[in-house]
Amino acid sequence: MGLHLKKLIMTILVLFVIVTLSAISRAEEQTQQKPEESKVTGEIGLSALSAYIWRGQELTRHSVVVQTAVTVSYSGFALNAWGNLDTRPYATDDSKYASQHTETDYTLSYSQKFGILQITPGYIYYALEAPYSGASDPLDSQEIFLTLGLDTILQPTLTTYKEIDHYHQWYFLLGISHTFEFNKIVSLKLAASASYLLSTDEMTYAKYDSDSLATTDKFNNFHDGMVTVSLPLTVYKTLTVTPTLSYVFPLSDDARYEMRARSVQGATVPSDKDSDYIYGGLTLSYTF
């Protein structure tokens with residue numbers, strides 16, 4: 010993609026976000042209903058999972074990861090900090106590494122509802138660290154995103170992510186979910202998502218061939234799908250324990266080749282690596 014086209018796309022995206030925020034502001038000014046009193050709310054989460062899989066990429070293997078999350082919200086704005094600790098970094102040889110904190114993400118967003126439509130623009134900073142002690146830190150990443158959600162059957166959401174720093178690509182994610190409430194304590198949640206990856210840089214997001222070797226083309230195809238089953242258990246009105254199980258799989262041959270190539274699995278031939286994953290764990294969350 011040419012430099013001028015990149016600038017045009019970025020300009021359109023920024024203008025779209027500005028127009029969206031302006032529309033939200035005007036709608037708030039025109040409403041005749043008395044606004045509800047805003048208050049600070051938040052959530053603290055702690056997860057222990059059997060793997061860290063991000064957008065179809067296997068980032069850990071044969072290790073429990075501990076993930077923490079803190080979210081504070083006020084009047085539509087939300088600030089989130091999220092971290093990942095790999096308790097046993099994977100090695101392709103007999104090397105053994107101590108636990109390693111590999112990532113901290115910071116997300117700032119603003120949400121507003123218009124009837125059944127909810128609009129959420131936001132920004133994410135990914136502070137990335139080495140996968141194990143002694144390795145080099147990856148370059149940090151930044152994204153802007155826009156989520157459109159409908160408060161209706163299956164709660165559909167469509168999120169567009171645009172990387173604006175080093176790993177130049179667009180990532181489109183469509184998700185649906187439904188929760189079956191058995192009683193005040195036990196629920197069953199089913200969720201599914203599908204994504205499309207549009208690379209604008211063959212160096213950071215290349216298309217891979219059937220041997221899972223990088224080509225000089227950019228990736229442009231459906232990417233990863235995910236199905237998740239979880240069982241939220243409300244042990245107290247502000248405390249929830251949630252067992253969860255997820256299956257991640259490629260949505261195209263291009264995605265299969267790429268997911269194999271990016272897997273941390275120590276295989277001599279890249280095409281012998283895995284391209285689909287099952288992982289699960291337990292999440293403890295407290296709201297205030």
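Take the sequence shown: its position 1, counted from the start at 1, is 10 in this note's numbering, and no numbers get skipped. Quick reminder that beta carbons are idealized off the backbone N, C-alpha and C, glycines included.
Asked, Found
"Minimum C-alpha distance to S204 - residue among I125, S221, K216 and Y180", "Y180"
"Spatial distance of L58 from Y83 (CA atoms)", "30 Å"
"Contacting residues, own chain, Cβ-Cβ under 8 Å from D149 (five flanking each side not counted)", "Y134, Y135, A136, L137, D174 and H175"
"Residue from T249, A139, A60 and E67 with nearest C-alpha to K282", "E67"
"Proximity winner among G289, S219 and T247, relative to L240 (alpha-carbon distances)", "G289"
"Cβ pair count under 8 Å reaching 3, the segment 189 to 205 against the segment 229 to 238", "yes"
"Closer than 8 Å: T296 CB and nearest the ligand NAP heavy atom", "In the structure on display, the ligand NAP does not appear, and there are no ligands present to speak of."
"Whole-angstrom distance between E52 and T243, CA atom to CA atom", "14 Å"
"Residue ranges of each beta strand (DSSP E) within the segment 50 to 107, 3 or longer", "50 to 58, 74 to 83 and 86 to 95"
"For V195: DSSP bridge partner residues", "L242"
"Option nearest D210 by Cα separation, candidates H71, S219 and D226", "D226"
"Cβ-Cβ distance between F86 and Y119 below 9 Å", "yes"
"DSSP-derived helix/strand/coil call for P147", "coil"
"Residue burial classification, V278 (beta-carbon count within 10 angstroms, cutoff 16)", "exposed"
"Span of the beta strand (DSSP E), counted from its first residue to its last, around A215", "A215 to Y217"
"Burial state of G124 (16 or more Cβ within 10 Å)", "exposed"
"Member of K193, L88, N89 and T111 whose CA lies at the smallest distance from the CA of A60", "T111"
"N- and C-terminal bounds of the beta strand (DSSP E) containing Y266", "No beta strand (DSSP E) holds Y266; the alpha helix (DSSP H) holding it covers D262 to R271."
"Burial state of V273, where buried means 16 or more other Cβ atoms lie within 10 Å", "buried"
"Outcome for I62 when other beta-carbon atoms lying within 10 angstroms are tallied against a minimum of 16", "buried"
"Best match in A107, K246 and Y256 for proximity to T96 [C-alpha to C-alpha]", "A107"
"Inter-residue CB distance, V250 and M235 (contact presumed, cutoff 8 Å)", "In fact, because the Cβ distance is near 22 Å, the residues do not count as touching under 8 Å."
"Nonlocal neighbours in the same chain, by C-beta distance under 8 Å from S145, ignoring five residues either side", "A139"
"In DSSP terms, what A139 is bridged to", "Bridge partners of A139: none, in fact."
"Residues near H13 by beta carbon distance below 8 Å, same chain, minus five either side", "Model confidence at H13 stands at a pLDDT of 48, short of 50, so the residue's coordinates are unreliable; what they give is reported in the following sentence. There are no such residues."
"Coil, strand or helix - D114 by DSSP", "strand"
"Reduced DSSP category for P165 - H, G, I as helix; E, B as strand; rest coil", "coil"
"Per DSSP, cross-strand counterpart(s) of K227", "A215"
"For D281, the three-state DSSP class (helix, strand or coil)", "helix"
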